[in-house]
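Notes follow the structure.
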Amino acid sequence: MTSSVITARVKQKQIAQLITGGKRLDERGLTDFRPIQLETAIIERAEGSARVRLGKTDVMVGVKIGVDTPFSDVPDQGVLTVNAELVPLASPTFEAGPPGEDAVELARVVDRGIRESKAIGLEELCPVPGKKAFAVFVDVYVLNHDGNLIDASALAALAALLTTKVFNYEVKDEEIKIKPGYTQLPLRNQPVAVTLAKIENKLVVDPSLEEEQVMDARLTVAFGKEGKICAMQKGGSGFFTVEEIMEAVKIAQGKAEELRKIVVGG
Amino acid sequence: MKVPKKMPERLISEEGVRLDGRRPDELRPVKIEVGVLGNADGSAYIEQGKNKVLAAVYGPREVHPRHLALPDRALLRCRYHMAPFSVDERKSPAPSRRETELSMVTRKALEPAVFVEYYPRVSIDLFMEVLQAAGGTRGVSITAASLALADAGIPMRDLVAACAAGKVEGRIVLDLNDREDQEGEADVPLALMPNTNAVTLLQMDGQMTIEEFEQAVNLALQGCKQLHALQREALKSKYVAVKEEVGEE
Numbered sequence: 001m002t003s004s005v006i007t008a009r010v011k012q013k014q015i016a017q018l019i020t021g022g023k024r025l026d027e028r029g030l031t032d033f034r035p036i037q038l039e040t041a042i043i044e045r046a047e048g049s050a051r052v053r054l055g056k057t058d059v060m061v062g063v064k065i066g067v068d069t070p071f072s073d074v075p076d077q078g079v080l081t082v083n084a085e086l087v088p089l090a091s092p093t094f095e096a097g098p099p100g101e102d103a104v105e106l107a108r109v110v111d112r113g114i115r116e117s118k119a120i121g122l123e124e125l126c127p128v129p130g131k132k133a134f135a136v137f138v139d140v141y142v143l144n145h146d147g148n149l150i151d152a153s154a155l156a157a158l159a160a161l162l163t164t165k166v167f168n169y170e171v172k173d174e175e176i177k178i179k180p181g182y183t184q185l186p187l188r189n190q191p192v193a194v195t196l197a198k199i200e201n202k203l204v205v206d207p208s209l210e211e212e213q214v215m216d217a218r219l220t221v222a223f224g225k226e227g228k229i230c231a232m233q234k235g236g237s238g239f240f241t242v243e244e245i246m247e248a249v250k251i252a253q254g255k256a257e258e259l260r261k262i263v264v265g266g
Numbered sequence: 267m268k269v270p271k272k273m274p275e276r277l278i279s280e281e282g283v284r285l286d287g288r289r290p291d292e293l294r295p296v297k298i299e300v301g302v303l304g305n306a307d308g309s310a311y312i313e314q315g316k317n318k319v320l321a322a323v324y325g326p327r328e329v330h331p332r333h334l335a336l337p338d339r340a341l342l343r344c345r346y347h348m349a350p351f352s353v354d355e356r357k358s359p360a361p362s363r364r365e366t367e368l369s370m371v372t373r374k375a376l377e378p379a380v381f382v383e384y385y386p387r388v389s390i391d392l393f394m395e396v397l398q399a400a401g402g403t404r405g406v407s408i409t410a411a412s413l414a415l416a417d418a419g420i421p422m423r424d425l426v427a428a429c430a431a432g433k434v435e436g437r438i439v440l441d442l443n444d445r446e447d448q449e450g451e452a453d454v455p456l457a458l459m460p461n462t463n464a465v466t467l468l469q470m471d472g473q474m475t476i477e478e479f480e481q482a483v484n485l486a487l488q489g490c491k492q493l494h495a496l497q498r499e500a501l502k503s504k505y506v507a508v509k510e511e512v513g514e515e
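Have a look at this one:
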């Protein structure tokens with residue numbers, strides 16, 4: 001009865017063979033994403049939220065705004081925290097408990113895209129430098145795992161941040177007093193991640209869970225608005241040649257533009 | 267974060283109308299969907315007012331760690347968990363004492379309905395994720411969880427439906443919303459297997475007389491029966507959808 005996560009060896013061979021011939025199990029082209037569905041502002045309680053379905057992969061992101069103390073090395077900036085939960089309802093292989101290395105990697109790669117592209121105007125989120133800053137919590141919640149959690153999560157995070165509102169406030173005696181009403185979270189950039197898997201020495205975009213089990217290695221490249229790379233992560237136990245890396249980056253750049261249009265429009 | 271809003275002072279008007287426009291004996295609007303997750307063996311999604319809860323079942327499957335396996339029945343495990351963004355102040359994703367208790371009471375509310383003795387030495391794992399909380403999440407979670415069990419094809423004596431009744435500004439009301447829950451005088455969550463009239467969860471906090479308690483219990487029972495009808499409907503419409511997909515006569 002339990003859905004198996006082990007891909008049968010015959011299927012593994014089939015996936016590999018198809019890819020050698022430029023085809024994939026689900027009939028996608030090598031550089032095609034699965035169908036993407038996006039919903040935004042679905043959790044009224046959260047200051048921002050979005051849900052992305054990438055094929056059968058299903059990720060929800062909620063953004064919460066709190067008040068915190070700024071870090072001492074950047075006393076004049078708001079605090080960004082990205083966390084990912086691989087909750088056990090998303091996959092028979094996920095277990096309850098503190099985040100494991102996969103969850104931590106997922107959170108950190110999404111974090112890196114947002115942070116390094118300077119997507120959030122953190123310097124606008126520190127009303128009392130050194131003492132009081134706003135904390136932006138981006139919580140990635142995986143609801144169904146069917147591969148390529150990074151791209152789905154990064155996309156949902158961007159969509160959620162685009163809908164995020166910060167409550168109005170005034171500063172009194174170095175304390176933040178919350179007032180009715182909201183303003184938009186200052187967003188400067190729109191980071192989008194694109195992941196490629198290397199299977200049989202070919203690069204495929206948006207690997208499914210079965211493809212992830214067959215792949216030698218994967219590479220995630222995140223791009224900011226003007227086509228600048230803002231984060232990268234190599235995963236898997238295999239390797240890439242420099243040529244493969246350059247090819248992957250070029251494919252990813254084109255794909256990132258396509259994905260961004262889904263979230264930002266135009 | 268909680269943003270201050272102008273709040274009316276009374277939770278129930280002279281005419282007996284509540285802040286969200288309901289009468290005292292009215293449930294919040296309910297939306298139920300069965301079979302919503304791809305990986306789980308059974309799943310359900312429910313919205314009750316502003317509550318949004320997902321439940322998923324994995325199993326019957328091998329027990330890990332093995333020594334927890336029971337020789338004569340399945341091990342039913344439940345996890346009630348809230349998303350960090352489900353409440354006004356971000357909640358740490360680490361399980362709180364409240365979540366630990368609710369995981370236990372939901373298990374005890376559901377176990378009487380499941381033929382656990384049909385599946386010795388395996389586990390049935392139930393996960394409830396509160397995506398948005400607005401009062402009465404334990405009831406909503408149980409209602410969703412029993413549907414997820416049914417969706418997984420696990421033999422059950424009945425569906426379990428749950429909701430709360432309580433006392434707000436001196437009146438007994440059904441299905442408290444979050445403000446009524448926080449500012450009301452008492453709260454009685456209750457779970458029911460309607461076919462056998464078996465109450466499988468009963469808690470109470472606050473203060474009320476025996477008469478008020480009895481009234482609240484009766485009201486909660488009515489609420490459970492209404493939810494039970496909605497559960498059956500949701501389960502049926504899933505089977506109809508499957509049938510249409512398969513194209514059988």
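As they're listed, the protein sequences go chains A and B. This note's numbering applies: residue 1 is where the first sequence begins, and numbers increase by one. This note's numbering applies: residue 267 is where the second sequence begins, and numbers increase by one. Beta carbons are placed, not taken as given, at the ideal position from N, Cα and C, and that holds for glycine. In this text the structure is predicted, and so the values were computed from the model without any measurement.
Check: Can you list the residues of chain B that residue 137(A) reaches, using a CB-CB cut of under 9 Å?; Outcome: 350, 351, 356
Check: If you draw a straight line from the alpha carbon of residue 13(A) to that of residue 216(A), how long is it in whole angstroms?; Outcome: 13 Å
Check: I'd like to know whether the C-beta of residue 304(B) is nearer than 8 Å to at least one C-beta of chain A.; Outcome: yes
Check: In its own chain, which residues sit with a C-beta less than 8 Å from the C-beta of residue 36(A), not counting the 5 before and 5 after it?; Outcome: 52, 53, 54, 155, 259, 262
Check: In chain order, which beta strand (DSSP E) runs of at least 3 residues are fully inside the segment 332-370 of chain B?; Outcome: 341-348
Check: Compare the C-beta of residue 66(A) against all C-beta atoms of chain B and say whether one is closer than 8 Å.; Outcome: yes
Check: In three-state terms, what does DSSP make of residue 108(A)?; Outcome: helix
Check: Quick one: grab the DSSP three-state call for residue 34(A).; Outcome: coil
Check: Residues of chain B with CB under 8 Å from residue 260(A), in chain order?; Outcome: Neighbours of residue 260(A) on chain B: none; closest Cβ ~24 Å, over 8 Å.
Check: Could you tell me which residues DSSP pairs with residue 314(B) in its beta bridges?; Outcome: 296(B), 317(B)
Check: Quick one: give me the first and last residue of the beta strand (DSSP E) that residue 203(A) is part of.; Outcome: 202-205
Check: Work out the CA separation of residue 241(A) and residue 407(B) for me, nearest whole Å.; Outcome: 50 Å
Check: Which first and last residues belong to the alpha helix (DSSP H) in which residue 17(A) is found?; Outcome: 9-20
Check: Please look up how many angstroms separate the CB atoms of residue 88(A) and residue 345(B), rounded, as I've assumed it's under 8 Å.; Outcome: 7 Å
Check: Using the C-alpha atoms, what's the distance from residue 179(A) back to residue 221(A)?; Outcome: 40 Å
Check: Within 8 Å (strictly less), CB to CB, does residue 393(B) reach chain A?; Outcome: yes
Check: Going by C-alpha distance, which of 108(A), 22(A), 66(A) is nearest residue 234(A)?; Outcome: 108(A)
Check: Note down, in chain order, all residues in the segment 309-326 of chain B with a beta-carbon under 8 Å from any beta-carbon belonging to chain A.; Outcome: 309, 316, 318, 320, 321, 322, 324, 325, 326
Check: Is the CB-CB distance between residue 381(B) and residue 337(B) below 8 Å?; Outcome: no
Check: Just curious, the alpha helix (DSSP H) that residue 254(A) is in, first and last residue?; Outcome: 242-264
Check: Quick one: residues in its chain with C-beta nearer than 8 Å to the C-beta of residue 1(A), no 5 flanking neighbours on either side, listed in chain order?; Outcome: With a pLDDT of only 34 at residue 1(A), under 50, the local geometry of the prediction cannot be trusted, and the value read off the model is given with reservation. For residue 1(A), where only same-chain residues beyond five positions count, there are no Cβ hits under 8 Å.
Check: Tell me whether residue 476(B) is buried or exposed, calling it buried when 16 or more other Cβ atoms sit within 10 Å of its Cβ.; Outcome: exposed
Check: Which one or two residues does DSSP pair with residue 327(B) in a beta bridge?; Outcome: 389(B)
Check: Can you check the segment 74-141 of chain A for any alpha helix (DSSP H) of at least 4 residues that lies completely inside it and give the ranges in chain order?; Outcome: 101-116
Check: Between the Cα of residue 379(B) and the Cα atoms of 350(B), 340(B), 347(B), 395(B), which residue gives the shortest distance?; Outcome: 340(B)
Check: Please classify residue 207(A) as buried or exposed, where buried requires at least 16 neighbouring CB atoms within 10 angstroms.; Outcome: buried
Check: Would you please state the rounded distance, in angstroms, between the beta carbons of residue 138(A) and residue 194(A)? I believe it to be under 8 Å.; Outcome: Between residue 194(A) and residue 138(A) the Cβ distance is about 19 Å, and since that is not below 8 Å, they are no contact.
Check: Strictly by DSSP, which residues pair up with residue 144(A)?; Outcome: 58(A)
Check: Is the Cβ of residue 25(A) closer than 8 Å to any Cβ of chain B?; Outcome: no
Check: Is the beta carbon of residue 400(B) closer than 8 Å to that of residue 426(B)?; Outcome: no
Check: At a cut of 8 Å, does the segment 283-298 of chain B reach the segment 127-144 of chain A through at least three beta carbon pairs?; Outcome: no
Check: Could you give the residue range of the alpha helix (DSSP H) that holds residue 404(B)?; Outcome: 403-417
Check: Name, going along the chain, the residues of the segment 359-378 of chain B whose beta-carbon falls closer than 9 Å to a beta-carbon of chain A.; Outcome: 359, 360, 361
Check: Between residue 8(A) and residue 213(A), what straight-line distance do the alpha-carbon atoms span, to the nearest angstrom?; Outcome: 10 Å
Check: Grab me the residues of residue 326(B)'s own chain with a C-beta within less than 8 Å of its C-beta, minus the 5 sequence neighbours each way, in chain order.; Outcome: 340, 385, 388, 389, 390, 420
Check: Would you say residue 251(A) faces chain B, with C-beta separation under 8 Å as the test?; Outcome: no
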